[in-house]
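With numbering that gives the first Met the number 0 applied, the sequence shown corresponds to residues 0 to 279, in that order.
Below: the structure, in structure tokens.
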Amino acid sequence: MERRKGGVGETSWEKKVGDWREKEGTRDKVGEFKEKWHVCENEAIRYCLQTLYYGLCFLKDVTTDRQRSAQLQRWRDYMHASTAFPVGMFVVFTFWALYALDRELVYPEVLDELIPSWLNHSLHTAVFPFLIIDKILIHHKYPSRLSGCVMTCSLALTYIFWTLFIAYYEGLWIYPVLEVLRSHERAIFLSVCCLFFIFFYIIGEAITNFVWRQPSHHYWISLVITIESVWSSLLVSLIISIGPASSSLLGQPGHHYWASLVITTGPAWSSVLGQLGHYH
Numbered sequence: 000m001e002r003r004k005g006g007v008g009e010t011s012w013e014k015k016v017g018d019w020r021e022k023e024g025t026r027d028k029v030g031e032f033k034e035k036w037h038v039c040e041n042e043a044i045r046y047c048l049q050t051l052y053y054g055l056c057f058l059k060d061v062t063t064d065r066q067r068s069a070q071l072q073r074w075r076d077y078m079h080a081s082t083a084f085p086v087g088m089f090v091v092f093t094f095w096a097l098y099a100l101d102r103e104l105v106y107p108e109v110l111d112e113l114i115p116s117w118l119n120h121s122l123h124t125a126v127f128p129f130l131i132i133d134k135i136l137i138h139h140k141y142p143s144r145l146s147g148c149v150m151t152c153s154l155a156l157t158y159i160f161w162t163l164f165i166a167y168y169e170g171l172w173i174y175p176v177l178e179v180l181r182s183h184e185r186a187i188f189l190s191v192c193c194l195f196f197i198f199f200y201i202i203g204e205a206i207t208n209f210v211w212r213q214p215s216h217h218y219w220i221s222l223v224i225t226i227e228s229v230w231s232s233l234l235v236s237l238i239i240s241i242g243p244a245s246s247s248l249l250g251q252p253g254h255h256y257w258a259s260l261v262i263t264t265g266p267a268w269s270s271v272l273g274q275l276g277h278y279h
């Protein structure tokens, strides 16, 4: 059935999106691309992962068979440790960090006309307290650190390669921050993002062991070392990546990117890789 023009079906949302695209000078193929490849967006992937995770939680709770319940519990705990918690925390912290730095890099101001603030917070804020509540109420048994971090890194790298494939295939970066960066600056930024997935995995492991009073196994020492390394890498790489990217648009000279990359991110990677050697 053909929709009525100006009716509720086409209406305010489609009209606003159309006006926004026209205002921003966006090509029509971008809209078609978004509809075709909408699953590649971070939010859609997180929705699928969170839905699968909480679905496993529900199935585990309603299953009466002990053997099947134990299997579901292992899957649930592994997914919480390697996927649900790192991805959820990464989305919250990276979104609001970039938003505070320059919201146009991740959530342009024009989107305020399309998306209400409560919906934005439900997408990028509410996940944080629910993940913490989950950790407090449920004792999740973490896998070995190497196994969990390999799964977390595999997920991060898969999404990064998918994003790069989309950019190559359509010439479109799905996040504005990637569009303003040069190739080597993107390499720095994406490397730090991958590092943060491991960082949030170790954070989740430390929180679980603290809440449920498990033997430390030097988790807090590992955590402090990793936080220091990641934090220093993030600060310097942001200066290297975002600053020169903005300056390059103004025609200002660049810096010694690769030397800075080795100096700043090298110790962080060494620290994190060293922590992977600690098994349960």
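Positions of the beta carbon are idealized from the N, C-alpha and C atoms, including for glycine.
Predicted, not measured: the structure shown is a model, and the values here were computed from it.
A straight-line Cα-Cα distance of about 12 Å links Glu103 and Leu177. In the DSSP annotation of this structure, the continuous segment of the alpha helix (DSSP H) that includes Ile135 starts and ends at Val126 to Leu136.
Annotation: Ile202 to Lys134 spans about 12 Å, alpha carbon to alpha carbon. The C-beta separation of Val109 from Phe94 comes to about 17 Å, leaving the pair out of contact by the 8 Å criterion. Secondary structure at Tyr106: coil, using DSSP grouped into helix, strand and coil.
Boundaries of the alpha helix (DSSP H) around Leu154: Arg144 to Glu169.
DSSP places Thr93 inside the alpha helix (DSSP H), whose first and last residues are Phe84 to Asp101. Just so you know, the alpha carbons of Glu204 and Trp74 end up roughly 16 Å apart.
Put simply, of Ala99, Val126 and Leu97 the residue whose alpha carbon is nearest the alpha carbon of Tyr52 is Val126.
A distance of 8 Å or more separates the beta carbons of Val149 and His123. Going by DSSP, Leu122 is part of the alpha helix (DSSP H) stretching over Ser116 to His123. The continuous alpha helix (DSSP H) containing Ser68 extends over residues Arg65 to Met78. In terms of Cβ geometry, Leu189 and Ile159 form a close pair [threshold 8 Å]. In the assembly as shown, Ser153 is an exposed residue. Its beta-carbon has fewer than 16 other beta-carbons within 10 Å.
DSSP places Ser81 in no alpha helix (DSSP H); its state is neither H nor E. Closest in C-alpha terms to Asn208, from the list His183, Ile137, Trp161 and Glu184, comes Ile137.
If you draw a straight line from the Cα of Ala99 to the Cα of Pro107, it is about 12 Å long. In this structure, Pro85 places its C-beta atom within 8 Å of the C-beta atom of Thr151. Taking C-beta atoms as the reference points, Met88 and Leu130 count as a pair closer than 8 Å.
Between Thr62 and Leu71, the C-beta spacing is below 8 Å. The alpha-carbon separation between Ile197 and Leu58 amounts to approximately 28 Å.
At a Cβ-Cβ threshold of 8 Å, Leu156 and Cys192 do not count as neighbours.
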